[in-house]
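Taking it in order: structure first as C-alpha cells, then the write-up.
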Amino acid sequence: MANNKFNKYIGAIALGAAILAVPSCSDDHFPYGDDDAQSVDATKTLWQHICENDKLTKFRTIVENTKYWKDDKHPIPDYTFADILNSGQVATVWAPEDDDFSDAEFQNWLDMCTTDGYNVQQQFIGNHIALWRNNISDNKVDTIKMINGKNLVFNKSDNNNVTIQGVPVSEKNIPALNGTLHVIKGTTPFHYNFYEYLKFSPSLPILSEYVVSKDTTEFSKDASIEGLPDKDGNPSYVDSVYYTRNLLFENYSYLPKSGAEKWDIPMECFHARLNAEDSAFVMVMPTDEAIAKAKEKIAHLYKYPTSYEDRDEIEASEGGTKLTNRTIKNPDSLANMSMNMDLTTPLVFNVKQQPKNGSKLWELEDFIKDKGASAKFLLNTFGDTLRTTDTWDKTSIFNGERIKMSNGYGYLATAWSFPRELFNPDIEVDVNAAAFYYMKNSSIHKIGTSSRSIPFNNEKYAAIANKYGKVYGNNFYYIAPHSNATTNPTFEIKLRGNQSTTSDIVTRGKTAEVMSGKYDIQVVLVPYLYSLISDAEEIREDYLNEDFVKSIADEHKMSLTVKVRSNVKGTGDAMSSASATFTYDGLKVDTITVWEDFEFKYSYKNMRFSYPTLQISGKTSTSRTAATSTSKGFIFGLYIDRVILRSKETGLETILDPQ
Numbered sequence: 008m009a010n011n012k013f014n015k016y017i018g019a020i021a022l023g024a025a026i027l028a029v030p031s032c033s034d035d036h037f038p039y040g041d042d043d044a045q046s047v048d049a050t051k052t053l054w055q056h057i058c059e060n061d062k063l064t065k066f067r068t069i070v071e072n073t074k075y076w077k078d079d080k081h082p083i084p085d086y087t088f089a090d091i092l093n094s095g096q097v098a099t100v101w102a103p104e105d106d107d108f109s110d111a112e113f114q115n116w117l118d119m120c121t122t123d124g125y126n127v128q129q130q131f132i133g134n135h136i137a138l139w140r141n142n143i144s145d146n147k148v149d150t151i152k153m154i155n156g157k158n159l160v161f162n163k164s165d166n167n168n169v170t171i172q173g174v175p176v177s178e179k180n181i182p183a184l185n186g187t188l189h190v191i192k193g194t195t196p197f198h199y200n201f202y203e204y205l206k207f208s209p210s211l212p213i214l215s216e217y218v219v220s221k222d223t224t225e226f227s228k229d230a231s232i233e234g235l236p237d238k239d240g241n242p243s244y245v246d247s248v249y250y251t252r253n254l255l256f257e258n259y260s261y262l263p264k265s266g267a268e269k270w271d272i273p274m275e276c277f278h279a280r281l282n283a284e285d286s287a288f289v290m291v292m293p294t295d296e297a298i299a300k301a302k303e304k305i306a307h308l309y310k311y312p313t314s315y316e317d318r319d320e321i322e323a324s325e326g327g328t329k330l331t332n333r334t335i336k337n338p339d340s341l342a343n344m345s346m347n348m349d350l351t352t353p354l355v356f357n358v359k360q361q362p363k364n365g366s367k368l369w370e371l372e373d374f375i376k377d378k379g380a381s382a383k384f385l386l387n388t389f390g391d392t393l394r395t396t397d398t399w400d401k402t403s404i405f406n407g408e409r410i411k412m413s414n415g416y417g418y419l420a421t422a423w424s425f426p427r428e429l430f431n432p433d434i435e436v437d438v439n440a441a442a443f444y445y446m447k448n449s450s451i452h453k454i455g456t457s458s459r460s461i462p463f464n465n466e467k468y469a470a471i472a473n474k475y476g477k478v479y480g481n482n483f484y485y486i487a488p489h490s491n492a493t494t495n496p497t498f499e500i501k502l503r504g505n506q507s508t509t510s511d512i513v514t515r516g517k518t519a520e521v522m523s524g525k526y527d528i529q530v531v532l533v534p535y536l537y538s539l540i541s542d543a544e545e546i547r548e549d550y551l552n553e554d555f556v557k558s559i560a561d562e563h564k565m566s567l568t569v570k571v572r573s574n575v576k577g578t579g580d581a582m583s584s585a586s587a588t589f590t591y592d593g594l595k596v597d598t599i600t601v602w603e604d605f606e607f608k609y610s611y612k613n614m615r616f617s618y619p620t621l622q623i624s625g626k627t628s629t630s631r632t633a634a635t636s637t638s639k640g641f642i643f644g645l646y647i648d649r650v651i652l653r654s655k656e657t658g659l660e661t662i663l664d665p666q
C-alpha cells in the first residue's frame, strides 16, 4: 500500500486531484457511504475492470505510468493513478477505447509520463476522471467537474447517443466497488484555461513570466495535521497543506513584500481569476515582439527621478509639518516594472460584464462572432471602458489568431492596438477640499475658513448653464481670501486625476497620473454670477442679461499666476522657475489654457506617494486703487471648477509588431 501521509499542495489547477489523491488506510476496505446502490452488485475495483478489458490497453498503460503530482514540481514517489483507481476513493472513469485512441497520441502521452508527468495528470488523466459516481440514469445534460477542474458536458438527453464533451459513450454504467466506468469512442478534448496556457505554453514567454512570477505558495497551519514536536520542541506536521494562488488574480491592489518595488508602487491586478473554469473571459495576449515594441514606444513616458517628496506623508505627519524625501535606487527597474503592469492590466474582459441592450447577459459564442462590436462599449476587468470612434475601432484589440480556452478565448496580438489614452490620458482634477495640497508650516494654501464646495444644478438652472456654461458634477469650489493675507493669496492643487477622463475613446478605471512628457495646462473658472444663484428657487431675468452679467464680472475680474511644483528633489528647488499669468474676465464658465507645452521631466505613474502640484496666485484687476483692500488679493474670492492637463503625446494609438 502506498504511503497515506504526504504534503498536499492545493493550487488553482490541481484542487480536484489533491482531494482524490488521499489513499485509503486499508487496501481491502472501501468507504461506500451512501454513494450508490450499484456498489452492492460490484465485485471489482475500477482498476481491475480496466485491466481486464482488452479494449483499454492504451489507457491502462498511461494510468499505471502516471504518478500523482502534488503540484507541477512535486510528484509522489511510487504512487500512481493505478493505485488511486484501486483504492477506496469513489470516482467515475471515462476510458477511451484503443481503436479510437491513435497510436501517435498514445505514444505522446506515454513519453510525457517520463518527461512531463504533471501535465499528463492535468491534461489527460484528469480529463477522464471525476469524483463520485456519475451514472447514466436520466435524460439530463449535466456539467461534470473533472479532477483537473475542467467542466465537461455529459449529454444524456438521447439514451442511444450519450456523449461526454462530444465523445460518444460505447459502454455505460459498468459498476465498480469504488465507482462507475464508462467506455468512450476517443479521448475527451482538453483546453487550457488562461492561467494554464500562460504557465505551460511556450508561445508567450514575456507575458507568461510576468504572470507566473506572481504565484505564491503559503503554508496553512489550520488545514494541516500536527504531529509530535521535533527534538527542539517545534511543531511538526504529518500532513502539511499549502495553498497556491496568483496575486494578479485578486480584486484589489497590493504592496509587494520585497524587491525594488517594496514601497514605490502598488501592484495592480487583473481583477479576474484566470484559472476560474466557470468564467467566460476574452483576453488579448500580446506576443513578445508586440510587448517589446510597445515598451519602445512608451518608455519615454516612464522617466523616474532618483528621489522625490512623499507628499501624502507630508500632509499626514504631525499636521503636515514634516518633509520626507524618498530615494529610488534603480529608476530604470521601476520604469520597467511599471510598464509591465500597465501593459498587462487592460488585457482581460469578462464577457458577462459587457454592456448589452436588453436584460440578457452575453453568451461567449455570441460575443466573439463580431468581437464585441455590437456591445455599447468594451469594459475590461480593471474597469477601463473602450469605445469605438471615427478614428479607432474597439474590436481592433482582438485582431490576431484566436485560441480556445476552457474558460474563454484568447487572441494572440502581434500588434498593440490599445489607444493612447490607456497610457497617457488627459488628467482632470475636480477641485474639492481633497484636491488641495496643504502643509501647515508653509506660506501656501492660505485660504479662508469659508472656502467650500458650492452646488449648481446644471439641469435645474438650464437656462443659465446653456448660456454661460455647465460645471462638472453639478458643483464648483469657492476659494475665499485669507483674512490675514498680506500678499497675494496662494494655493496649490494636486495634479492627480480624481475623476474619470472624458475622452471619447477611454474612461480609465484608475487614477490618472502625470507622465514624463508635455501637457497643456488648463484651468476651468466659474463666474461670480453662479454663486448668486446656486441656492435660488428661480432665476432673475437680469441674470440672463449680458450687460448685467458684464457689470458683475468687471467687479470680479482676476489676474492669476501659475507655477508648477515637481516635488521630486525637496522644497528648495522643486518649484519651476518659470510662471504663466492670465486674466479671467468672469463672463462664463471658461476653460483657459494657462500654459502650453509644459514639460514634466519625470513620471508619477503608479507612485503612491508623489505627485506634482499647480500653484495658483490671484489678485483683482490692477485698475483698482491701492487704497482698497483688494490690492491684497481677490477679496471677492475665486470660483474654480477643474484643473485639466491635456496630453500632447501623439503616435501611441497603434504599436505595430516589428515584423
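In the numbering used here, the protein residues as written are 8 to 666. Using N, Cα and C, we set each Cβ at its ideal position, and we do this for glycine too.
Residue environment, residue i, which counts as buried when at least 16 other CB atoms sit within 10 Å
i	result
residue 415	buried
residue 545	exposed
residue 173	exposed
residue 352	buried
residue 236	exposed
residue 307	exposed
residue 417	buried
residue 551	exposed
residue 606	exposed
residue 103	buried
residue 226	exposed
residue 275	buried
residue 427	buried
residue 438	buried
residue 30	Below a pLDDT of 50, predicted positions are generally treated as unreliable, and residue 30, at 41, falls in that range; the measurement from the model is reported next regardless. Classification for residue 30: buried.
residue 229	exposed
residue 325	With a pLDDT of only 41 at residue 325, under 50, the local geometry of the prediction cannot be trusted, and the value read off the model is given with reservation. So residue 325 counts as exposed.
residue 613	buried
residue 520	buried
residue 620	buried
Residues that DSSP places opposite residue i in a beta bridge
i	result
residue 529	600, 651
residue 460	484
residue 278	In DSSP, residue 278 forms no bridge with anything.
residue 196	The partner list for residue 196 (beta bridge, DSSP) is empty, contrary to what the question assumes.
residue 100	136, 188
residue 59	Answer is none; residue 59 lacks a bridge partner.
residue 292	419
C-beta contact flag for residue i and residue j at 9 Å
i	j	result
residue 535	residue 593	yes
residue 66	residue 105	yes
residue 358	residue 288	yes
residue 595	residue 485	no
residue 338	residue 310	yes
residue 350	residue 301	yes
residue 434	residue 379	no
residue 243	residue 257	no
residue 540	residue 647	no
residue 52	residue 205	no
residue 49	residue 99	no
residue 157	residue 413	yes
residue 556	residue 617	no
residue 131	residue 194	yes
residue 650	residue 531	yes
residue 363	residue 383	yes
residue 610	residue 283	no
Whole-Å CB distance - residue i paired with residue j, under 8 Å assumed
i	j	result
residue 312	residue 335	7 Å
residue 201	residue 119	Not really, about 22 Å apart at Cβ, beyond 8 Å.
residue 419	residue 292	5 Å
residue 442	residue 500	6 Å
residue 567	residue 588	7 Å
residue 76	residue 124	6 Å
residue 252	residue 294	Not a contact, Cβ separation roughly 27 Å.
residue 533	residue 569	About 17 Å separates the two Cβ atoms, so there is no contact after all.
residue 421	residue 296	7 Å
For this session: Could you tell me whether the stretch 555-564 touches the stretch 524-533, using the rule of 3 or more Cβ pairs below 8 Å?
Result: no
Exercise. Is the stretch 48-67 close to the stretch 148-162, with three or more CB pairs under 8 Å?
Worked result: no
For this session: Report yes or no: do three or more beta-carbon pairs, one from the stretch 182-201 and one from the stretch 130-148, lie closer than 8 Å?
Result: yes
Exercise. On the three-pair Cβ rule with 8 Å, is the stretch 107-123 touching the stretch 152-172?
Worked result: no
For this session: State whether the stretch 157-168 contacts the stretch 79-93, with contact taken as three or more CB pairs (one from each stretch) at a distance under 8 Å.
Result: no
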